[in-house]
Amino acid sequence: MNKEKISDLKTRIAQLKVAREDLREPLDFYSKILDAYDSCDASDFGEPFAPPAAAAKGPYPFIALGETELDWNAAAPLFRSLCKTFIENVEAEEDVERAAETADEDIAGVIRNAFRVFISAGAGVSAEPTEEVTPQLAFISFLAMRPFVDAYVAGARALLDNEDGVYEAVCPVCGGIAAMSALVREEGHRHLVCSACETSWLYKRTRCHLCGNEEPRTLGYIMAEGPGVEDCYTAATCEKCKQYHRMLDTRKKKFELDIALEAIAAAHLEILAQREGYSPAPGWRGLDNSN
Ligand SMILES: [Zn+2]
Ligand SMILES: [Zn+2]
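This is how it looks when you write it as structure tokens:
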């Protein structure tokens, strides 16, 4: 994560904190996570995996992130720093405390294992944490590998056609599940945003990506009102599967989407949607122990 992005995110956090007193705690916590990125700002995140241009039309996904060897050792300082951030600011799991104390020669294996647990859960293969990795440790490994994954998938991401591409509900780059939707450009094209590699891809606007339902009368939105609540966020609901997911209308606010910050900023919708009987879409929910 580069300095410019960190600084933009900090500006947004400062603005949100003024408007939304209820979000202070998670916003402060994310700010501390950004400090960890800032202090471990490596310049080399590895080479991108570059599929040939002929592969653009599939098959998808291009990459099996759960089997990819990333530079775990290069990510170790950031991983350690993030473990420390969790230990100092939230109720940290025992395996996070253990991970923070891991010797240098063993740390790559710890990060790889936790990251693979995160990916397999995110790809819908298994939502259950394994015996030795809690969701919190898996989430920390995701945070630590974010810049490396971003660099690795850049070449594959560039092959996507976000004008006319036809993609499924899972990420065409890595097979991950969607963390949220975004409405983009004047036309309000809908993109899904990957919870693992953060790629966004074109998806049909009037289809529930969770169950495939395309009946317009059964697809709805929940909006929130209240002091400081931003109108760019909705919870998109489906009557058929009774699930909801977060949607950001980027036309109403000009900022670069960040899946972790959007999860915090739209947290109030989670409560509203669940009160109305909808279940959250699978995937991580935010910066707390319940992700
Ligand atoms: Zn992905
Ligand atoms: Zn549905």
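To convert a position in the sequence shown, counted from 1, into the working numbering, add 16. All C-beta atoms, glycine included, are put in the ideal place defined by N, C-alpha and C. Note that the structure is a prediction, hence the values are computed from the model and not measured.
For A70, the closest of S216, A172 and K258 by C-alpha to C-alpha distance is A172.
Rounded to whole angstroms, the Cβ separation of R40 and G244 is 12 Å, and the two are not in contact under 8 Å. Here the distance from the Cβ of T253 to the nearest heavy atom of ligand 1 is not below 6 Å. Excluding its 5 nearest sequence neighbours in each direction, E255 has C-beta neighbours in its own chain below 6 Å: T234, listed in chain order. The set of residues with CB atoms less than 6 Å from any heavy atom of ligand 1 reads, in chain order, C187, V189, C190, G192, C210, A212, C213 and T215. Collapsing the DSSP output to three states places R206 in a strand. In this chain, the beta strand (DSSP E) harbouring C254 covers Y249 to C254.
With fewer than 16 other beta carbons inside 10 angstroms of its own, Q31 counts as exposed. Contact check for L81 against A240 fails: the beta carbons are separated by 7 Å or more. Looking at the DSSP output, Y260 sits in a beta bridge with T253 and P296. The closest heavy atom of ligand 2 lies 6 Å or more from the beta carbon of N178. The residues I103, in chain order, have a CB closer than 7 Å to that of E113 in the same chain once the five nearest residues on each side in sequence are set aside. Distance from the Cα of P67 is smallest, within the candidate group D180, V169 and R162, for V169.
For a cut-off of 8 Å, the C-beta gap from F134 to A115 is around 13 Å, too long to register as a contact. Boundaries of the beta strand (DSSP E) around I238: L235 to I238. About 15 Å separates the beta carbon of V209 from that of P77, a gap too long to meet the 8 Å contact definition.
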